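Colleague: Going by the working numbering, the first residue of the sequence shown is number 13, and it counts up by one from there. Got a structure for you, questions after.
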Amino acid sequence: MAAAGAITVREETWDHRRIVRVIFDLPDKPVNVLTTETMRALGEVLGNLEQEPPSGLVLESAKPGVFIAGADIHEIEKIDAADAAATVAREGRDLLWKLHTIRCPTYAAIDGVALGGGLEAALFCDYRIVSDSPKTRVGLPEVTLGIIPGFGGTQTLPRLIGLQPALDLILTGRQIDGRRAEKLGLADRCVPHDTFQEEVEAFVMRHPKKAAWPRRSPPFFLIRELTCSMARSAVLKKTQGNYPAPLAAIAAVRRGLGRELSEGLRIETEIFSALPQTRECKNLIRTFFQMEKFKKYSIPRLEEMARARGKPAPARACAVIGAGTMGAGIAQHLSACGLGVRLKDIDVKFLQRGIGAAEKIVRGSLARKRIRREEARDILARILPTLDYGPLRSAELVIEAVLEDLPLKRKVFDDLERVTARGVVLATNTSSLPIGKIAEGRPAESQGRYIGLHFFNPVDKMPLVEIVVAPCTSDETLARALEFVKAIKKTPVVVKDRPGFLVNRVLMPYMNESAYLLSEGVRIDHIDRLALKFGMPMGPLHLLDVVGLDVGEKVSHVLHEAYGDRMAPCPLFERLRREGRLGQKNERGFYLYKGGKKQPDHALYDGLPAAPAIAGEDITDRLILTMVNEAARVLSEGVVDDAETVDVGMLLGTGFPPFRGGLLKYADDRGLQSCVDRLYAFSERHGARFAPCDDLVRLAKSGGRFHQETVR
Ligand code: T1G
13 MAAAGAITVR
23 EETWDHRRIV
33 RVIFDLPDKP
43 VNVLTTETMR
53 ALGEVLGNLE
63 QEPPSGLVLE
73 SAKPGVFIAG
83 ADIHEIEKID
93 AADAAATVAR
103 EGRDLLWKLH
113 TIRCPTYAAI
123 DGVALGGGLE
133 AALFCDYRIV
143 SDSPKTRVGL
153 PEVTLGIIPG
163 FGGTQTLPRL
173 IGLQPALDLI
183 LTGRQIDGRR
193 AEKLGLADRC
203 VPHDTFQEEV
213 EAFVMRHPKK
223 AAWPRRSPPF
233 FLIRELTCSM
243 ARSAVLKKTQ
253 GNYPAPLAAI
263 AAVRRGLGRE
273 LSEGLRIETE
283 IFSALPQTRE
293 CKNLIRTFFQ
303 MEKFKKYSIP
313 RLEEMARARG
323 KPAPARACAV
333 IGAGTMGAGI
343 AQHLSACGLG
353 VRLKDIDVKF
363 LQRGIGAAEK
373 IVRGSLARKR
383 IRREEARDIL
393 ARILPTLDYG
403 PLRSAELVIE
413 AVLEDLPLKR
423 KVFDDLERVT
433 ARGVVLATNT
443 SSLPIGKIAE
453 GRPAESQGRY
463 IGLHFFNPVD
473 KMPLVEIVVA
483 PCTSDETLAR
493 ALEFVKAIKK
503 TPVVVKDRPG
513 FLVNRVLMPY
523 MNESAYLLSE
533 GVRIDHIDRL
543 ALKFGMPMGP
553 LHLLDVVGLD
563 VGEKVSHVLH
573 EAYGDRMAPC
583 PLFERLRREG
593 RLGQKNERGF
603 YLYKGGKKQP
613 DHALYDGLPA
623 APAIAGEDIT
633 DRLILTMVNE
643 AARVLSEGVV
653 DDAETVDVGM
663 LLGTGFPPFR
673 GGLLKYADDR
683 GLQSCVDRLY
693 AFSERHGARF
703 APCDDLVRLA
713 KSGGRFHQET
723 VR
């Protein structure tokens, strides 16, 4: 990013004081970032001011909604050695040190995102004034990129707000709003966005001197050691040691606190310099850019259509049919995004339950302070329950979320055909039924309106929506669905109408394999623990329990029928069904759930062989490579356009570990030939379900990779 014109310096007189405003605004860029050039430009500005310091320096941004989004991640991505990393960090913090030591009070005026290096610049100022705008978010997200704050954040933040709150922000990468920043002492004042400039001026007038530093004295040695060692244990438990950055951040905080700030900064640089070149960091940065790209996903032919005919207006009024878990979750989410929602079901009881479920989600957001009381009230007020189709006449987009039963779904769409206007998008949230079958036999001009919008449970938390395109789906419908998904702040992946779409189809062999492993006598918690160790957010057997074994069974039959023997459900599922094990919902699945505690059900081992001597590596490979193989098939069949779509879908739909860069990136990194060799070996030992598919074998033989090029 160029720096030309990135910083404007404006000298003004405020109440007889000479104030210098240093205003960031990177031309032609949506956000301000600290590139090498912008840093150099800032260095020059500070160098000039040092000669003749003003009475105050205000660091600010002219970009709406953005203060500074941190160091340039593209530059960090390119770092390939420790000395280069150390140079970047040293230069950055030396520059910001000038802000800290300049002989005049410094003020950061933050009315938008201040992240990473952006916040670190503000932390070196004497004062921080933030706005109450919803766009104002401050945080240190570095660990989510596989690095630690490198421009002083691990040292300045604990000295400003205290050890525990600082560790909390640094280790989670959490972004907080202006009010919270003020509460934590991170900001000196949170002021209204509407009168931000006046408030900043008033604050500067009231605080004409440099602030005392540090704001807090360091905790006693023992408290610091105890807090850091507890944080370390919590991180290890959560990450299984797969992420080096949070551990490094704790080390930087622990070693630096209690010393001179300058010494702490030197320690931070030393620790930072080991991280940008790691594979974990490269994969996490890759994932960041992939997510940014998919959030704005576009299809060239639809863009062309939009240029010719104009972009479809985003739907404002929606309807959801079915007030079960998914329907209620979808209705709540749409309403939380400001859309009006009609929630339709056939019985008042079901509607009451659905509204109750939506209320529970809203209460949760309220308790976590994600929303305010008035917002909570508005979200619930926008969901209007109905037993009749009549009120759905005004809906611009309808999502059906009734039981997974084809005749029932067809009946719902018969009714919708009668009440909805011609241009209305008719979407189904089916997780396994073909969209084509739901649309079959309808008037040709109507079939184009049918599309799948597959949300994941819980809807408010899961960021992915599979947009399922059937042969009958029109481009107009696809364009409107795509805009809709982006408008409701979900990430879309576009998939073809093949059974299981992308995520469930690739995930099913993994879950099925976990049951085969159990049938061979491998212990329940051992299987799940190995999946966690690999980095999956939940073990496969636990996941089956959470999804519900009855739900899993339905999907697995659809997939078996569609894809044949390799997807045949493991015979153990039949026994689970006979024993009435539904999973978490009836407190009995692979685990027993008593009093909120989960314990492997040892009764399941009856009749199974004794625990065999299988290497952990074999277990993990059986679980993961079976997904790689299925994903390769998904690609060969053109269900998705490219390997990137598979990776994004699996990352967001299943929590596939981001530090591995994605399922197919993992296969690439490991070497496709090694994947194929292992699959052949497993197919000899455990059955043909492992046989690598032709395209995978061919790709491996040719020395190819799934990902040909980098993300951008
Ligand atoms: N570097 C490079 N590009 C960036 C960037 C950054 N820091 N931040 C944003 N972009 C690009 C982004 O890829 C997208 O590009 C566009 O700007 C934003 O588009 C030493 C080492 C700020 C909340 O982790 O979280 O500081 O897709 O307007 O959805 O300690 O981007 O348009 O080509 O659609 O509203 C730490 C990452 C860096 C912040 C805006 N900072 N950025 O979201 O954006 S490391 C971060 C974000 C660091 C120091 C360390 C978000 C955003 P394109 P948009 P948005």
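Backbone N, C-alpha and C fix where the C-beta goes; we use that ideal spot for every residue, glycine too. Bear in mind that the values here come from a model prediction, so they are computed numbers and not experimental data.
Are three or more beta carbon pairs between the segment 148-167 and the segment 209-216 nearer than 8 Å?
Modeller: Judged by Cβ distances under 8 Å, the segment 148-167 makes no contact with the segment 209-216, as fewer than three pairs qualify.
Colleague: Does any heavy atom of the ligand T1G sit closer than 6 Å to the C-beta of F671?
Modeller: Every heavy atom of the ligand T1G is 6 Å or more from the Cβ of F671, so no.
Colleague: Could you have a look at S73 and say whether DSSP puts it in helix, strand or coil?
Modeller: In this structure, S73 counts as strand in the three-state DSSP scheme.
Colleague: Using only alpha-carbon positions, find the residue among D680, L196, D689 that is nearest to Q720.
Modeller: Looking at the Cα atoms, D680 is the closest of the given residues.
Colleague: Relative to the C-alpha of R201, which candidate in T239, S241, D138 has its C-alpha closest?
Modeller: Answer by Cα proximity: D138.
Colleague: Just verifying my parser: in three-state terms, what is the DSSP assignment at W26?
Modeller: In this structure, W26 counts as strand in the three-state DSSP scheme.
Colleague: Under a Cβ-count criterion, where at least 16 other Cβ atoms within 10 Å of its own Cβ denotes burial, should P624 be classed as buried or exposed?
Modeller: When all chains shown are included, P624 counts as exposed.
Colleague: At a threshold of 6 Å, does D92 count as lining the ligand T1G (C-beta to nearest heavy atom)?
Modeller: For the ligand T1G, not one heavy atom lies less than 6 Å from the Cβ of D92.
Colleague: Identify whether R394 lies in helix, strand or coil by the three-state DSSP scheme.
Modeller: Here R394 sits in coil by DSSP.
Colleague: Given 6 Å as the limit, tell me if V480 has its C-beta closer than that to any heavy atom belonging to the ligand T1G.
Modeller: False, no ligand heavy atom lies under 6 Å from that Cβ.
Colleague: Any heavy atom of the ligand T1G closer than 6 Å to the CB of P161?
Modeller: The answer is yes for P161.
Colleague: Compute the Euclidean distance between the alpha carbons of I536 and G665, then round it to the nearest angstrom.
Modeller: Going by the C-alpha atoms only, they are around 23 Å apart.
Colleague: For F718, collect the residues of the same chain with a Cβ closer than 6 Å to its Cβ; drop the 5 residues on either side in sequence, then sort them by chain order.
Modeller: Cβ within range, chain order: A655, L676, D680.
Colleague: Contact check, T9 vs A369 under 8 Å by CB: the rounded distance?
Modeller: Shown here, the chain extends from 13 to 724; a query on residue 9 therefore has no answer.
Colleague: Could you compute how far the alpha carbon of L108 sits from the alpha carbon of D472?
Modeller: When rounded, the distance between both Cα atoms is 39 Å.
Colleague: As a quick exercise: from R271, A451, T239, D689, pick the residue whose alpha carbon is nearest that of P704.
Modeller: It is D689 whose Cα lies nearest to the Cα of P704.
Colleague: What whole-angstrom Cβ distance do G128 and E89 have, given they're in contact under 8 Å?
Modeller: Wrong, their Cβ atoms sit about 14 Å apart, outside the cutoff.
Colleague: By Cβ distance below 8 Å, which residues in the same chain neighbour G560 in space, the five residues on each side in sequence not counted?
Modeller: L594, G595, Q596, K597, listed in sequence order.
Colleague: Can you tell which of K609, L490, P621 has its C-alpha closest to the C-alpha of S531?
Modeller: Closest by alpha carbon: P621.
Colleague: Since A329 contacts A407 with CB under 8 Å, what's their CB separation in whole angstroms?
Modeller: A329 to A407, Cβ: 5 Å. Contact.
Colleague: When burial is assigned at 16 or more other CB atoms within 10 Å of the CB, is H554 buried or exposed?
Modeller: H554 should be labelled buried.
Colleague: Looking only at DSSP bridge pairs, what is P504 linked to?
Modeller: Bridge partners of P504: V477.
Colleague: Determine which residues share a DSSP beta bridge with S143 and list them.
Modeller: According to DSSP, S143 bridges with V203.
Colleague: Could you check what DSSP says for A402 in three-state terms: helix, strand or coil?
Modeller: In the sequence as presented, Ala is not what sits at residue 402; that position holds Gly. Note: G402 maps to helix in three-state DSSP.
Colleague: Hey, quick one: how far does the beta strand (DSSP E) through Q209 stretch, first residue to last?
Modeller: Segment 208-218 is the alpha helix (DSSP H) holding Q209; no beta strand (DSSP E) there.
Colleague: Quick one: grab the DSSP three-state call for F467.
Modeller: Three-state DSSP puts F467 in a strand.
Colleague: Over the uninterrupted alpha helix (DSSP H) stretch that includes R589, give me the two end residues.
Modeller: 584-590 is the span of the alpha helix (DSSP H), which, as asked, contains R589.
Colleague: Taking 7 Å as the limit between beta carbons, can you name the residues of its chain near I114, skipping five residues before and five after?
Modeller: Contacts found: L58, L61, E62, P65, L69.
Colleague: Using DSSP with H/G/I as helix, E/B as strand and the rest coil, what is E272?
Modeller: In this structure, E272 counts as coil in the three-state DSSP scheme.
Colleague: Give the secondary structure of M13 by DSSP, where H, G and I count as helix, E and B as strand, and everything else as coil.
Modeller: For M13, the predicted structure reports a pLDDT of 35, less than 50, and the residue's modelled location is therefore unreliable. A value from the coordinates is still provided. The answer is coil: DSSP assigns M13 none of H, G, I, E or B.
Colleague: Does the distance from the C-beta atom of A712 to that of L684 stay below 7 Å?
Modeller: Contact: yes.
Colleague: What did DSSP end up calling A83 once you bin it into helix, strand or coil?
Modeller: Three-state DSSP puts A83 in a strand.
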